[in-house]
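Counting in the UniProt record's numbering, the sequence shown tops out at residue 368, every number present.
Everything on this sheet refers to the single structure shown next.
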Amino acid sequence: MAIVSLAYAVPVILALQLARYPGMKPLILIMPGLALSFGITLSVAVVLEFTVDLYYLYVAFIVALSWSLLHYLLIAHYHTMKLAVVPYGRVESLYSNIGVEWYQLTSPSLVGQRVDGVVVDLKEQLPAEWRRFLSDCTINGIPVYHASAAQEMLSGRVSLDQIFDNQYGSLRPRDDYDVIKRVLDIAGSLILIPLSLPIMLLVAVLIRLDSPGPALFTQQRMGFHCRPFTLYKFRTMYSDLQGCDFTSEGHDPRITRIGHILRKYRIDELPQLFNVLKGDMSLIGPRPESMNLTDWYEKDVPFFFYRHMVKPGITGWAQVEQGYAAEVDGMVRKIEYDFYYIKNISLWLDILIVIKTIKIVLTGFGSR
């Protein structure tokens, strides 16, 4: 009974922790959360040699899945976040965020209104009655969000317009999570490398049969603390054309037939598990750019070098939210996603990225 209770508890905790992140819909957490929790529960039972009735566990999984879906369809799906906006300062950009019902206040009162929070530009000098209104909201348990914080919460990006150089000069992830993240990286790569080795051997053979040249492609990329490292990938381009920083997002004539498939499903990234094991990369973090592109972006994209405060990753927040980006405008948006990750880095955010990555691998989103 305790084992089944644990299986029920894990997805609930997972949903509560992950639902607070931008664009997070409970529906996409239900199946992976339940599958993860029941899988962990079964693994713990096997390791500890507990006797588990698999039929009973299966029935419990179906009941939990049905209940979770019913709860989403009847309650969560029909609840739209409603935020009241104090009409002072820079708040116009907030209205572009979808999935939120906006209510612009005309007076410092919420009488007759149900809201999930109040958004205000705290940099503005507010009249006394509005300051009292915000105090009353806080006392009565109504969240008050600074406009820039609300924008980050809803978009999953840290706007470069809101950043000043001294804000990020000392920013770095917590030391305790650095240690945890490295342990998880080592454990994850040690598990995934043996599991993916048969796939990697098959892919290497297919690459050699498809076009002349080596199966692996190596390139210098900018890494942690601006230290270059050698990145490993499966070769997806013709040998005589690869290595050039071609940034077109349309059809790329350099990509081989098998290369299109490898890129679409991110199979070309599998050799980077060895980069993770070596410590050059993490499983999750901002994608590393080539040295030439790094020089270009640092000239044209504000604060670009700050993304090197964390280790680059095989997948990351920008990859699951935006996909591929090459030109300056797309890279600016990508940097804003990277800064959100750096600012909010945690185990829960990494778990969310893993869940979204699985979905992306299955759909081919953001490939080129």
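Glycine residues also receive a C-beta, built at the ideal position from the N, C-alpha and C atoms.
message: I need the straight-line Cα distance from Arg131 to Thr41, nearest angstrom please.
response: 50 angstroms
field: Rounded C-alpha distance that separates Arg208 from Asn275
entry: 22 angstroms
message: Within a Cβ cutoff of 8 angstroms, which residues of the same chain sit near Leu190, ignoring the five residues on either side of it in sequence?
response: Leu277
- prompt: How is the alpha helix (DSSP H) around Val310 delimited, first residue to last?
  reply: Note, Val310: premise wrong, no alpha helix (DSSP H); not H, not E.
task: List the whole-angstrom C-beta distance separating Val144 from Val120, where the pair is believed to meet the contact cut-off of C-beta under 8 angstroms.
output: 6 angstroms
Boundaries (first-last residue) of the alpha helix (DSSP H) holding Met331: 328-344
- prompt: Nearest to Ser96 by alpha carbon, out of Arg114, His79, Ala150?
  reply: Ala150
- prompt: How about Lys233 and Glu289: are their beta carbons less than 8 angstroms apart?
  reply: no
- request: To the nearest angstrom, report how far apart Pro271 and Leu202 are at their CA atoms.
  value: 13 angstroms
field: N-terminal and C-terminal residue of the beta strand (DSSP E) that Tyr297 is part of
entry: Segment 291-300 is the alpha helix (DSSP H) holding Tyr297; no beta strand (DSSP E) there.
Euclidean distance between Cα positions of Gln319 and Arg287: 8 angstroms
- prompt: Say the cut is 7 angstroms; is the CB of Val144 nearer than that to a heavy atom of the ligand MG?
  reply: Questions concerning the ligand MG fall outside what the structure shown contains, since it holds no ligand whatsoever.
- prompt: What is the DSSP secondary structure of Pro127, reduced to helix, strand or coil?
  reply: coil
- prompt: Can you name, in chain order, every residue of its own chain whose Cβ lies under 8 angstroms from the Cβ of Gln104, other than the five neighbours on each side?
  reply: Ala84, Val85, Pro87
- request: Report the option in Tyr324, Lys311, Arg20 whose CA atom is closest to the CA atom of Arg182.
  value: Lys311
- prompt: So, using beta-carbon positions, are Ile284 and Thr236 closer together than 8 angstroms?
  reply: no
CB contact flag (Trp317, Tyr297, <8 angstroms): no
message: For residue 375 and Pro228, which I take to be in contact (beta-carbon distance under 8 angstroms), what is that distance rounded to the nearest angstrom?
response: Any question about residue 375 goes unanswered here, given that the chain covers just 1 to 368.
message: Looking at the strands, I want to know which residues DSSP matches up with Arg221.
response: Phe229, Ser290
query: From which residue to which residue does the beta strand (DSSP E) around residue 378 run?
result: No answer is possible for residue 378: the residues shown for the chain start at 1 and end at 368.
query: In whole angstroms, what separates the C-alpha of Thr218 from that of Gly259?
result: 15 angstroms
Span of the beta strand (DSSP E), counted from its first residue to its last, around Leu321: At residue 321 the sequence reads Glu, which differs from the Leu that was named. Here Glu321 belongs to no beta strand (DSSP E); instead the alpha helix (DSSP H) covers 317-321.
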